[in-house]
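As given, the protein sequences belong to chains A and B, one line each in that order. Everything in the first sequence is counted per full-length UniProt numbering, starting at 1 for the first residue and increasing by one. Everything in the second sequence is counted per full-length UniProt numbering, starting at 1 for the first residue and increasing by one. Even glycine gets a Cβ: it sits at the ideal position worked out from N, Cα and C.
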Amino acid sequence: MPSYEIAMMIRTMPKAELKNTLMRVSNCIFDRGGIIRKIENLGFRPMPYKTSAHGIVHREANYFVLKVDTGTNVVSDLKEEYSRDVDVIRQRVYKVNQESTDQCSLEEELLPPAYRKEVQKMIEVGKTQVNRFTFKFKYNSGLDYYPFQR
Amino acid sequence: MALIRNLSMRSIMLNMKKVFISDVRGLNSEAVNDDLPVEMENPYKKEKRQCILCKLNINPDYKNYRLLSQFQSPYTGRIYGRHITGLCKNKQEAVEREIVKAQNCAYMPYFYKDKVFLKDPRLFDPENPVRSHRF
């Protein structure tokens, strides 16, 4: 089961109701055989842009992030379920980022163009191509007429 | 008879010369070896430059919108390019990806920078890009 992060914005409501909503949201995941690793509360704050959901315009929201392990086929189902939920303003599901082990390539990028691998490759590719500016039609090509517009 | 003697003398002389030369060479090589230049790394080699995120080992994350907003223009909300931020290719790509995610999740605005973060320290100077641009 791959791990996902569900970023969820829940509408303004008292704490008791919020608890109920979170229970409902997480039960959706449990019903489909998923696991919740963590629920992060990013707090209640004004949204950077107003959002209309279910006929109401929201300017503030409770921000939550659920760290979830579920099957891949469940995700679309969950999205659909939450889109019908009146208390959920907006939800996004992202895969958890893999830790990248790449080395910093800034040093190579700051080299002069002729020393950069990328540019060298480009020149190699350019050599295999026909130069449009210096190409000249050969009259001994077997055609008895000039094939291009003069 | 004289010819033969001459030849043998010559060969003996040659052999002796060879031995003598090899002797001298052997002596010389031992004597010179201490004085030869020593194999070592270039002491004047410059330190490898790294971008700020690689140096501090930070992986940009969409939940850390305060960090991401430092790569956003306060006037237009657009993401600064690589020639301004001075990041390596991978990190710049990651920053751009995470900013788009954060904007999608309504953590970050699209067209301006959150006014709470306007006085955050600047990681780079947009007025002095590495490469000039047409603006």
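Once you ignore the five residues that flank A:Gln91 on each side, which residues in its own chain have a CB closer than 8 Å to its CB?
-> As a first step, residue 91 of chain A must be located in the first sequence, where it is residue number 91. Hits under 8 Å: Ile6, Ala7, Met8, Met9, Lys79, Tyr82 and Ser83.
Could you list the residues in the stretch 110-126 of chain A with a C-beta less than 9 Å from some C-beta on chain B, going in chain order?
-> Within the stretch 110-126 of chain A, the residues whose Cβ lies closer than 9 Å to some Cβ of chain B are Leu110, listed in chain order.
Please list the partners that B:Tyr110 has in chain A, where partner means a Cβ-to-Cβ separation under 8 Å.
-> As a position in the second sequence, residue 110 of chain B is number 110, starting the count at 1. The contacting residues are Pro48 and Tyr49.
Where B:Ser22 sits in the DSSP three-state scheme = The sequence position of residue 22 of chain B within the second sequence is 22, counting from 1. Note that B:Ser22 scores 49 on pLDDT, short of 50, meaning its location in the model is unreliable and no value can be drawn from it.
A:Asp69 (DSSP reduced to helix, strand or coil) = For this step, residue 69 of chain A is matched to residue 69 along the first sequence. DSSP, reduced to helix, strand and coil, places A:Asp69 within a strand of the structure shown.
How is A:Val86 classed by DSSP in three states: helix, strand or coil?
-> As a first step, residue 86 of chain A is located in the first sequence; it is residue number 86 there, counting from the start. Three-state result, A:Val86: coil.
Measuring alpha carbon to alpha carbon, tell me which of B:Val130, B:Asn33 and B:Arg134 ends up nearest B:His83.
-> Indexing the second sequence from 1 puts residue 83 of chain B at position 83. Among B:Val130, B:Asn33 and B:Arg134, the Cα nearest to that of B:His83 belongs to B:Val130.
N-terminal and C-terminal residue of the beta strand (DSSP E) that A:Ala50 is part of = If you number the first sequence from 1, residue 50 of chain A lands on position 50. Per the sequence shown, the amino acid found at residue 50 of chain A is Lys instead of Ala. Note, A:Lys50: beta strand (DSSP E), Ile35 to Ala53.
Can you find at least 3 beta carbon pairs, one from the stretch 130-145 of chain A and one from the stretch 103-111 of chain B, that sit closer than 8 Å?
-> As far as the Cβ criterion goes, the stretch 130-145 of chain A does not touch the stretch 103-111 of chain B, which means the pair count is below three.
Check A:Glu124 in the structure and name its three-state DSSP category.
-> Counting from 1 along the first sequence, the entry for residue 124 of chain A is found at position 124. Reduced to three states, the DSSP call for A:Glu124 is helix.
Contacts of B:Asp114 in chain A (Cβ-Cβ under 8 Å) = Mapped onto the second sequence, residue 114 of chain B falls at position 114. Per Cβ cutoff of 8 Å: Pro48.
Are the C-beta of A:Met1 and some C-beta of chain B separated by less than 8 Å?
-> Along the first sequence, one-based indexing puts residue 1 of chain A at 1. Residue-level contact by beta carbon fails for A:Met1 and chain B, as no gap is shorter than 8 Å.
Can you tell me which of the three DSSP states B:Phe71 falls into?
-> The count along the second sequence starts at 1 and reaches residue 71 of chain B at position 71. Of the three classes helix, strand and coil, the one that applies to B:Phe71 here is helix, per DSSP.
Does the beta carbon of A:Asn97 come closer than 8 Å to any beta carbon on chain B?
-> Position 97 of the first sequence, counted from the start, is the residue given in the question as residue 97 of chain A. With a threshold of 8 Å between beta carbons, A:Asn97 makes contact with chain B.
With 7 Å as the limit, tell me which residues of the stretch 74-108 of chain B have their beta carbon closer than that to any beta carbon of chain A; keep them in chain order.
-> Of all residues in the stretch 74-108 of chain B, Cys88, Lys89, Asn90, Lys101, Asn104, Cys105, Ala106 and Met108 have a Cβ within less than 7 Å of some Cβ in chain A.
Would you please verify whether the beta carbon of A:Glu107 is less than 8 Å from any beta carbon of chain B?
-> Here residue 107 of chain A is taken as the residue at index 107 of the first sequence, counted from 1. At least one chain B Cβ lies under 8 Å of A:Glu107.
Inspect the CB distances between the stretch 99-117 of chain A and the stretch 40-58 of chain A and report whether three or more fall short of 8 Å.
-> Inter-segment contact for the stretch 99-117 of chain A and the stretch 40-58 of chain A is absent: fewer than three beta-carbon pairs are separated by less than 8 Å.
Is the closest heavy atom of the ligand GDP to the C-beta of A:Thr12 under 7 Å?
-> Absence of the ligand GDP from the depicted structure is noted, as is the absence of any ligand whatsoever, leaving it without description.
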